[in-house]
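Student: Can you keep this structure in mind? I'll have questions shortly.
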Amino acid sequence: MAVPAKADGAEFRVNWMNLRDASTGKVLWQSNEDMSEPGVEHIARVPKKILKCKSVSREVNFFSKDELRKLRLEQRVLLNGTLLEEWFFEFGFVIPNSTNTWQSIIDAAPAQDMIPVSALSGNVVISTKFFDGNTLLNTSLVRIFYI
Numbered sequence: 300m301a302v303p304a305k306a307d308g309a310e311f312r313v314n315w316m317n318l319r320d321a322s323t324g325k326v327l328w329q330s331n332e333d334m335s336e337p338g339v340e341h342i343a344r345v346p347k348k349i350l351k352c353k354s355v356s357r358e359v360n361f362f363s364k365d366e367l368r369k370l371r372l373e374q375r376v377l378l379n380g381t382l383l384e385e386w387f388f389e390f391g392f393v394i395p396n397s398t399n400t401w402q403s404i405i406d407a408a409p410a411q412d413m414i415p416v417s418a419l420s421g422n423v424v425i426s427t428k429f430f431d432g433n434t435l436l437n438t439s440l441v442r443i444f445y446i
């Protein structure tokens, strides 16, 4: 069960994020928007060729005012509100007042299992919950449009 974050001014924010083709390292999408800002549905316009990658590297640069003992995230991919995929990632210890970069590799589903881009674009929302252990730091919602 998630315990709500302290209301004492704890600060955790995403400085920037990018998505790369994991096999070539080529950046396919990047944003300097704080996608961790809660209460806002963010928009990401991502090149549709990312759906052809066998693996995607997600790189997140973040700042934490507080020491975090066990930074982790739970990410859910929703299509029209229905859960498609769910991923869990652990970063671990974060030094207070530090900026860090976190890279994760996400493997694509087999080509025959892929949903057509026309059905995905604008209908996919990625819900990401950032935790310190069981303490919820914030929830991010990003709607994906494939261009």
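Going letter by letter, the sequence shown gives residues 300 to 446 in my numbering.
Each residue gets a CB set at the ideal place from its N, CA and C atoms; glycine is no exception.
Just curious, the alpha helix (DSSP H) that Val416 is in, first and last residue?
Tutor: The residue labelled residue 416 in the question sits at position 117 within the sequence shown. 416 to 419 is the span of the alpha helix (DSSP H), which, as asked, contains Val416.
Student: In terms of residues, what are the limits of the beta strand (DSSP E) holding Lys369?
Tutor: If you number the sequence shown from 1, residue 369 lands on position 70. It spans 367 to 378 - the beta strand (DSSP E) in which Lys369 sits, taken as one unbroken run.
Student: If you follow the beta strand (DSSP E) that Leu318 is in, where does it begin and where does it stop?
Tutor: If you number the sequence shown from 1, residue 318 lands on position 19. Leu318 -> beta strand (DSSP E) spans 311 to 320.
Student: If we ignore side chains and look at the alpha-carbon of each, how far apart do Ala301 and Leu382 end up?
Tutor: Numbered from its first residue, the sequence shown carries residue 301 at position 2. Numbered from its first residue, the sequence shown carries residue 382 at position 83. Its pLDDT being 43, under 50, Ala301 is placed unreliably in this model, and the value from its coordinates should be taken loosely. If you take the alpha carbons of Ala301 and Leu382, they lie about 19 Å apart.
Student: Name the residue from Phe311, Val339, Ile425 whose alpha carbon lies nearest to the alpha carbon of Gly380.
Tutor: Working through the sequence shown from its first residue, we reach residue 380 at position 81. When each option's Cα is compared against that of Gly380, the closest is Ile425.
Student: Which word fits Arg319, buried or exposed, when buried means at least 16 other C-beta atoms lie within 10 angstroms of its C-beta?
Tutor: Residue mapping note: residue 319 aligns to position 20 of the sequence shown, counting from 1. The residue is buried, with at least 16 neighbouring Cβ atoms inside 10 Å.
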